[in-house]
Amino acid sequence: MRSTGTTGPRRGRDRKAQRVPAAQGRDRFDGPAPRAAVVGGGIAGLAAATALAERGVHVTLHERETALGGRLAGWPTDLADGSPATMSRGFHAFFRQYYNLRGLLRRADPTLAVLRPLPDYPLRHSGGLTDSFAHVPRTPPWSALGFVALSPTFGWRDLAAMNPRAALPLLDVRVPEVYERYDRVSARDFLDAVNFPEAAHHLAFEVFSRSFFADPRELSAAELLLMFHIYFLGSSEGLLFDVPAEPCPDALWDPLARYLDRLGVRVLTAAPVDCVVPAEGTALAVEAGGASAAYDAVVLALDVAGLRSLVAASPKLGDELWRADIAAQRTAPPFLVSRLWLDRPVRADRAGFLGTSGFDGLDNVSVLERWEGEAARWARRTGGSVVELHGYAVDEHADRRAVEQRLLRRLHGLYPETADARIVDARHEWRADCPLFPVGGHASRPTVRTPHPTVMTAGDLVRCDLPVALMERAATTGFLAANTLLRRWGVRGHPLWTVPRKGRSPALRALAALAAGTG
Numbered sequence: 003m004r005s006t007g008t009t010g011p012r013r014g015r016d017r018k019a020q021r022v023p024a025a026q027g028r029d030r031f032d033g034p035a036p037r038a039a040v041v042g043g044g045i046a047g048l049a050a051a052t053a054l055a056e057r058g059v060h061v062t063l064h065e066r067e068t069a070l071g072g073r074l075a076g077w078p079t080d081l082a083d084g085s086p087a088t089m090s091r092g093f094h095a096f097f098r099q100y101y102n103l104r105g106l107l108r109r110a111d112p113t114l115a116v117l118r119p120l121p122d123y124p125l126r127h128s129g130g131l132t133d134s135f136a137h138v139p140r141t142p143p144w145s146a147l148g149f150v151a152l153s154p155t156f157g158w159r160d161l162a163a164m165n166p167r168a169a170l171p172l173l174d175v176r177v178p179e180v181y182e183r184y185d186r187v188s189a190r191d192f193l194d195a196v197n198f199p200e201a202a203h204h205l206a207f208e209v210f211s212r213s214f215f216a217d218p219r220e221l222s223a224a225e226l227l228l229m230f231h232i233y234f235l236g237s238s239e240g241l242l243f244d245v246p247a248e249p250c251p252d253a254l255w256d257p258l259a260r261y262l263d264r265l266g267v268r269v270l271t272a273a274p275v276d277c278v279v280p281a282e283g284t285a286l287a288v289e290a291g292g293a294s295a296a297y298d299a300v301v302l303a304l305d306v307a308g309l310r311s312l313v314a315a316s317p318k319l320g321d322e323l324w325r326a327d328i329a330a331q332r333t334a335p336p337f338l339v340s341r342l343w344l345d346r347p348v349r350a351d352r353a354g355f356l357g358t359s360g361f362d363g364l365d366n367v368s369v370l371e372r373w374e375g376e377a378a379r380w381a382r383r384t385g386g387s388v389v390e391l392h393g394y395a396v397d398e399h400a401d402r403r404a405v406e407q408r409l410l411r412r413l414h415g416l417y418p419e420t421a422d423a424r425i426v427d428a429r430h431e432w433r434a435d436c437p438l439f440p441v442g443g444h445a446s447r448p449t450v451r452t453p454h455p456t457v458m459t460a461g462d463l464v465r466c467d468l469p470v471a472l473m474e475r476a477a478t479t480g481f482l483a484a485n486t487l488l489r490r491w492g493v494r495g496h497p498l499w500t501v502p503r504k505g506r507s508p509a510l511r512a513l514a515a516l517a518a519g520t521g
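Under our numbering, residues 3 to 521 are what the sequence shown spells out, in order.
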């Protein structure tokens with residue numbers, strides 16, 4: 003099947019978004035083509051498999067779980083009232099800056115009709131104040147000035163009290179330079195140096211660093227600066243986002259799996275790979291389930307634990323330094339997703355998604371029937387609500403049952419009408435598989451290329467020289483892994499898009515450069 007060229011990454015509203023060209027070559031393999039194995043069926047693996055198959059490569063995709071989607075997978079469950087439902091690892095925000103992830107989804111849904119915009123992303127303090135992004139301008143620097151004008155927690159006096167020299171690097175974030183200067187500083191220490199007011203620290207931690215499920219004292223300041231650039235100071239796409247209108251399997255991964263099937267991709271679920279063995283030249287053997295298959299290339303699109311485990315089981319793969327770096331990768335602390343099916347509705351004026359600060363470990367609340375079709379149908383049928391609670395960076399030694407109960411009590415305090423509700427059913431998902439980006443850890447993170455010329459890595463743990471993060475980093479590195487292989491084979495790659503790769507204003511860039519030279 004030939005790609006029509008009508009789908010794929012595209013710029014959003016930001017006229018300063020940058021196109022990342024791909025190497026040129028023949029359009030695709032029309033005759034004998036290489037065979038590639040993609041190990042991992044999350045966003046990165048799906049992007050790599052799509053990009054390779056669209057150019058005629060014979061692709062086999064291995065996923066160890068029973069469903070595609072990685073950390074956005076979903077699975078069926080039966081509720082206590084007999085209703086079928088889909089459980090997952092919780093709410094995910096699809097920001098408008100996610101050009102390459104959206105380009106992947108457009109393969110199966112060209113208009114992205116399955117994504118629904120949320121009108122706001124309010125942040126509630128335990129002291130009662132609430133910040134909102136609904137009316138904040140989207141284009142910097144008006145976005146920052148508008149936020150200061152509208153925020154009850156961060157005003158003009160706070161802005162004037164900040165250390166301008168320490169804050170100027172926020173205005174001209176570049177990759178990889180930001181890592182060279184700030185990777186050995188913690189996110190907390192950076193904001194302290196800026197004199198970011200303590201009352202407004204949640205604006206950085208809840209909006210940005212908590213996306214990494216990490217304690218800001220452990221998180222690299224370079225990642226925090228990158229997040230500010232991507233979502234706020236470097237892009238005019240804004241901080242509002244979209245969410246899938248149905249559970250992720252129905253909305254995203256089943257349609258994409260059908261698209262891959264039309265491309266001839268062999269998708270194997272519940273099929274973990276045991277090891278990868280380099281063979282003669284650049285050939286590779288992939289061993290799975292007691293069988294071995296020969297490939298010309300392999301893309302390792304795994305989470306931290308999966309990559310560590312597979313590399314450890316593949317002793318001939320890579321060199322000593324690369325293997326040591328893989329073994330040293332760490333995961334962020336555990337997090338909890340609690341989903342509650344309640345027998346009565348949440349009040350109609352509640353936000354569909356609410357970030358929280360100072361609520362004893364509760365980081366956000368979602369009212370799923372406000373946007374997800376499955377939850378809305380259950381709520382209409384029963385008169386109830388489907389509510390989801392997230393708690394990030396939980397102490398690994400904490401009593402998990404006590405944490406679940408504490409988050410529930412905090413929900414009752416925020417939304418008192420839920421205190422008298424009967425819980426029809428509940429699911430509590432505890433996970434600890436997100437990558438940690440610790441202070442000083444950037445240099446040891448894997449890159450797309452590995453010591454073996456036809457083995458690539460991809461995923462949100464993989465570093466690349468583009469301003470991307472989270473799900474967008476996963477999609478981007480998946481495409482980059484495929485592009486690297488296609489270039490080797492003389493076939494054209496896939497162009498990508500990114501937010502601007504430097505600060506938007508020449509005058510502000512000059513000030514940031516002055517601060518860097520005198521700091």
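Each residue gets a CB set at the ideal place from its N, CA and C atoms; glycine is no exception.
This one's a predicted model, so the numbers in the text were calculated from it and none came from an experiment.
Check your understanding: Taking the C-alpha atoms as reference points, what is the distance between Leu-235 and Ala-146?
Key -> 7 Å
**Study point:** Gln-407: first and last residue of the uninterrupted alpha helix (DSSP H) it sits in
**Key:** 402–416
Check your understanding: What's the C-alpha gap between Ala-330 and Ser-446?
Key -> 8 Å
Check your understanding: How far does the beta strand (DSSP E) with Phe-234 in it reach, from first residue to last?
Key -> First-last for Phe-234: undefined, no H or E at that position.
Practice item. Assuming Glu-214 contacts Phe-439 (C-beta within less than 8 Å), just tell me the rounded distance between them. Key: The question names Glu, yet the displayed sequence has Phe at residue 214. Sure, about 6 Å apart at Cβ, within 8 Å.
Check your understanding: Just to confirm, are Phe-135 and Leu-242 a CB contact at a threshold of 8 Å?
Key -> yes
**Study point:** Residue burial classification, Ser-153 (beta-carbon count within 10 angstroms, cutoff 16)
**Key:** buried
Exercise for review: Have a look at Ala-169, Leu-262, Gly-375 and Phe-355 and flag the residue whose alpha-carbon is nearest the alpha-carbon of Phe-230.
Suggested key: Ala-169
Practice item. Count the C-beta pairs between the region 419–426 and the region 295–311 that are closer than 8 Å, then say yes if the count reaches three, no if not. Key: no
Exercise for review: Tell me where the alpha helix (DSSP H) around Asp-194 begins and ends.
Suggested key: 189–196
**Study point:** Presumed contact (8 Å Cβ cut-off) between Ala-315 and Cys-277, rounded CB distance
**Key:** 5 Å
**Study point:** Minimum C-alpha distance to Ala-477 - residue among Asp-462, Pro-418 and Arg-408
**Key:** Asp-462
**Study point:** Rounded straight-line distance, which links the Cα of His-137 to that of Asp-345
**Key:** 34 Å
Point to revise | Beta-carbon proximity list for Val-196, same chain, < 6 Å, skipping 5 on both sides | key: Met-164, Asn-165, Ala-168 and Ala-169
**Study point:** Proximity of Asp-321 and Pro-453 at Cβ, strictly below 8 Å
**Key:** yes
Review point. Would the beta-carbon of Leu-103 fall within 8 Å of that of Leu-114?
Key: no
Exercise for review: Give, in chain order, every unbroken run of the beta strand (DSSP E) that is at least 3 residues long and sits entirely within the region 10–52.
Suggested key: 20–22 and 37–41
Exercise for review: For the beta strand (DSSP E) containing Thr-500, list its first residue and its last residue.
Suggested key: 498–500
Exercise for review: Leaving out five residues on either side along the sequence, give the residues of the same chain with a beta carbon under 7 Å from the beta carbon of Ser-5.
Suggested key: In this prediction, Ser-5 scores a pLDDT of 41, lower than 50, which makes its location untrustworthy; the coordinate-derived value is nonetheless stated afterwards. Glu-56, listed in sequence order.
Practice item. List the DSSP bridge partners of Leu-522. Key: Beyond the ends of the chain as shown, which are 3 and 521, falls residue 522; an answer cannot be given.
**Study point:** Residue interval of the alpha helix (DSSP H) (run including Met-164)
**Key:** From DSSP, Met-164 is part of no alpha helix (DSSP H); its letter is neither H nor E.
**Study point:** Candidates Leu-391, Ala-69, Asp-160 and Thr-79, of which the one nearest Leu-94 by Cα
**Key:** Sequence inspection shows His at residue 94; the Leu mentioned does not correspond to that position. For the residues Leu-391, Ala-69, Asp-160 and Thr-79, the minimum Cα distance to His-94 belongs to Leu-391.
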